[in-house]
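Same order as they appear, the protein sequences are chains A and B. Under numbering that gives the first Met the number 0, the first residue of the first sequence carries the number 0, and numbering increases by one thereafter. Under numbering that gives the first Met the number 0, the first residue of the second sequence carries the number 0, and numbering increases by one thereafter. Where a beta carbon is used, it is the ideal one built from N, C-alpha and C, also for glycine. In this text, all values refer to a predicted model and were calculated from it rather than measured experimentally. Taking it in order: structure first as structure tokens, then the write-up.
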Amino acid sequence: MTFGDPFFGYSWLDAIIRVVIVVLVMTVFVMYWTYGERKLVARMQMRLGPMRTGPYGLLQAIADSLKLIAKEDIRPAAADRWVFEFAPYLTFIPVLMVLAVLPFAQDWGVRNLSMGLFYVFAVLGLNIVGIMMAGLGSGNKFALLGGVRAAGQMVSYEIPLVMSLLSVAMIAGTLDLDAIAAMQHYRPFILLQPLAFLIFFTAMLSELHRAPFDIPVAESEISGGYFVEYSGIRWSMFQLTEYASMIAWSVFGSVIFLGGWEYPKGGDWGWGWQLTLTLIKSVVWIAAIIWVRTTVPRLRIDQLMAFCWKVLLPLALVQLLMNGFILVYDWPQELLFVTSGLGAALLVGIIIARAIRRPKKTSGLVGTYRQVQGTPV
Amino acid sequence: MATEVLWWIFAAAIVGTSAGVVFSRSVIHSAIFLILSLGGVGAMYVFLTVEFLALVQFLIYGGAVTVLILLALMLTRVDASGKPERVNGTQAPWALIVGGVLGALLVIVALKTTWPGNLSDKPAQIDLNLISQRLFVDFGAPFVIASVLLLVALVGAIILARQEDGD
Chain A
0 MTFGDPFFGY SWLDAIIRVV IVVLVMTVFV MYWTYGERKL VARMQMRLGP MRTGPYGLLQ
60 AIADSLKLIA KEDIRPAAAD RWVFEFAPYL TFIPVLMVLA VLPFAQDWGV RNLSMGLFYV
120 FAVLGLNIVG IMMAGLGSGN KFALLGGVRA AGQMVSYEIP LVMSLLSVAM IAGTLDLDAI
180 AAMQHYRPFI LLQPLAFLIF FTAMLSELHR APFDIPVAES EISGGYFVEY SGIRWSMFQL
240 TEYASMIAWS VFGSVIFLGG WEYPKGGDWG WGWQLTLTLI KSVVWIAAII WVRTTVPRLR
300 IDQLMAFCWK VLLPLALVQL LMNGFILVYD WPQELLFVTS GLGAALLVGI IIARAIRRPK
360 KTSGLVGTYR QVQGTPV
Chain B
0 MATEVLWWIF AAAIVGTSAG VVFSRSVIHS AIFLILSLGG VGAMYVFLTV EFLALVQFLI
60 YGGAVTVLIL LALMLTRVDA SGKPERVNGT QAPWALIVGG VLGALLVIVA LKTTWPGNLS
120 DKPAQIDLNL ISQRLFVDFG APFVIASVLL LVALVGAIIL ARQEDGD
């Protein structure tokens with residue numbers, strides 16, 4: 000039983016049924032994950048979270064979705080009609096396309112591609128088009144600002160993201176996601192490439208617009224960013240996209256770095272254990288995203304860009320170069336761990352040093368802070 | 000059979016969206032049509048079974064180039080609500096000449112070329128290892144020179160965009 004064999008009769012029928020299964024499971028998961036996130040954040044902030052709807056607020060997700068569907072769908076008079084209305088769907092299509100290639104268990108996804116890794120980041124890059132359409136078409140200055148911020152941020156962070164994935168692909172020697180997962184039978188790739196993992200995780204947070212990189216959707220600065228004008232079903236399409244891409248990224252990341260369905264013992268214990276492994280790893284991954292969200296305050300846009308271009312990108316390049324030397328000259332694999340581990344320690348060191356350093360002077364800071372100081376601009 | 004039907008659907012979509020790029024009166028709509036058109040070309044590469052080229056098309060043209068066009072529009076337009084642009088009439092004759100000559104050239108080339116008849120239905124699978132062997136080993140020097148060109152362009156852009164305190 001491999002990917003190519005149609006499990007449900009005809010090949011096209013098989014593809015459609017698999018897509019429907021994946022999308023349905025994903026939608027239910029997203030619905031309940033919004034509840035899970037609120038509960039988790041509440042616990043981290045010593046609150047209770049939703050408690051009123053059903054026992055422990057368990058019906059909250061259903062109530063929320065019913066409310067969103069019933070809500071009036073408003074289109075602002077200044078909006079560019081077709082651009083405004085199609086934007087939510089255009090953001091969702093790339094995520095849907097990515098879900099089609101993720102291996103959830105051995106030989107079980109919708110389809111396996113020989114260039115799955117490349118496909119994932121090529122297609123997820125298209126996500127930005129819908130976001131920019133929402134920013135442009137809303138006829139709202141805040142939406143436009145959110146779109147500009149999202150575009151700059153996503154285009155910049157795509158580069159270290161791709162670099163970190165390439166360094167893993169160099170070790171694996173293939174772009175086939177199923178094969179990459181199967182290769183991690185004895186050790187997950189995070190042990191060989193801790194630096195690439197850190198870079199991937201950071202850049203992924205930025206691609207997802209999660210805190211501390213939620214500059215494009217910052218409520219307190221630009222009142223919600225690119226989807227400020229959306230309501231009802233279209234707004235919930237944006238939310239669905241955000242959470243679905245969170246799931247897609249976390250399944251993808253756990254396949255690349257944490258061993259996916261294979262590590263530990265996935266190949267030996269059958270598909271039930273493999274599905275459980277995928278589920279556990281992606282839930283832990285998403286919980287880590289939310290943990291970061293509740294812990295770290297939002298960055299400023301210049302800090303964000305400087306961190307990408309001056310810290311993440313050089314480290315990713317060094318990682319790529321070191322991998323090249325070690326792999327070409329067939330040096331032992333432990334060296335990969337040593338070099339990448341040193342790099343990871345350096346990255347963590349840079350972040351900590353930046354966090355605890357006091358600014359020496361205030362005159363160099365940008366924006367409102369300078370005006371508050373009263374110095375001439 | 001199904002592939003042929005899909006091919007015609009995508010071909011019609013590419014032609015339609017390309018016409019949209021030219022005929023829509025708002026630059027933003029043109030840019031969005033351009034994204035759809037380039038995406039359709041990427042889908043055409045899938046039909047030719049060169050998946051690598053298709054993905055590169057999506058990544059570079061769909062995800063990067065057109066996004067930069069949209070970003071430039073966002074940063075420069077005051078009014079981004081998709082209202083029709085005023086057409087600059089003095090350029091119209093030149094546009095007609097250039098477009099007509101280009102279209103005539105394309106038609107002539109398409110008619111003069113002797114197209115191969117029915118090829119076997121299954122084109123050769125192009126191996127990714129072969130592409131990388133060609134790109135990084137056989138043609139390594141042109142590849143490096145092209146990247147140096149990009150680096151120079153990048154440095155130049157930074158110098159142009161950088162504002163010194165004295166300026």
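It is roughly 30 Å from the alpha-carbon of Tyr34(A) to the alpha-carbon of Pro263(A). Identification of chain B residues near Tyr118(A) by a Cβ-Cβ cut-off of 7 Å yields Leu54, ordered along the chain. A contact is defined here as three or more CB-CB pairs under 8 Å, and the region 265-282 of chain A fails this definition with respect to the region 127-144 of chain A. Burial state of Leu74(B) is exposed, judged by a 10 Å Cβ sphere holding fewer than 16 other Cβ atoms. Closer than 8 Å to the CB of Val66(B) there is at least one CB belonging to chain A.
Here Ala104(A) carries a strand assignment [DSSP, helix/strand/coil]. Counting only Cβ-Cβ distances below 8 Å, Met73(B) has contacts in chain A at Met131, Gly134, Leu135, Leu143, Gly146, Val147 and Ala150, in chain order. Around the beta carbon of Ser146(B), fewer than 16 other beta carbons sit within 10 angstroms, so the residue counts as exposed. The alpha-carbon of Ser235(A) is positioned some 10 Å away from that of Glu241(A). Among the residues of chain B, those whose CB is under 8 Å from the CB of Gly124(A) are Phe57, Leu58, Gly61, Gly62 and Ala63, following chain order. Inter-segment contact for the region 242-253 of chain A and the region 202-210 of chain A is present: three or more beta-carbon pairs are separated by less than 8 Å.
In terms of Cα proximity to Val20(B), the closest of Gln56(B), Trp6(B), Leu5(B) and Leu37(B) is Leu37(B). If you draw a straight line from the Cα of Asn111(A) to the Cα of Leu174(A), it comes to about 11 Å. DSSP, read as helix, strand or coil, puts Leu110(B) in helix.
At a Cβ-Cβ threshold of 8 Å, Asp177(A) and Asp106(A) count as neighbours. For the pair of segments examined, the region 93-106 of chain A was found to touch the region 268-277 of chain A: the number of CB pairs separated by less than 8 Å reaches three. In this structure, Pro159(A) sits away from Arg297(A), with a CB-CB distance that is not shorter than 8 Å. Under the three-state reduction of DSSP, Ile15(A) is assigned to helix. Ala149(A) counts as buried, since at least 16 other C-beta atoms from the protein chains shown sit within 10 angstroms of its C-beta. Rounded to the nearest angstrom, the gap between the Cα atoms of Val291(A) and Leu316(A) is 25 Å. Remark: C-beta atoms of Thr52(A) and Ala41(A) do not approach each other more closely than 8 Å. Inclusion of Leu129(B) and Ala121(A) in the CB contact set at 8 Å is not warranted, their separation being larger than that value.
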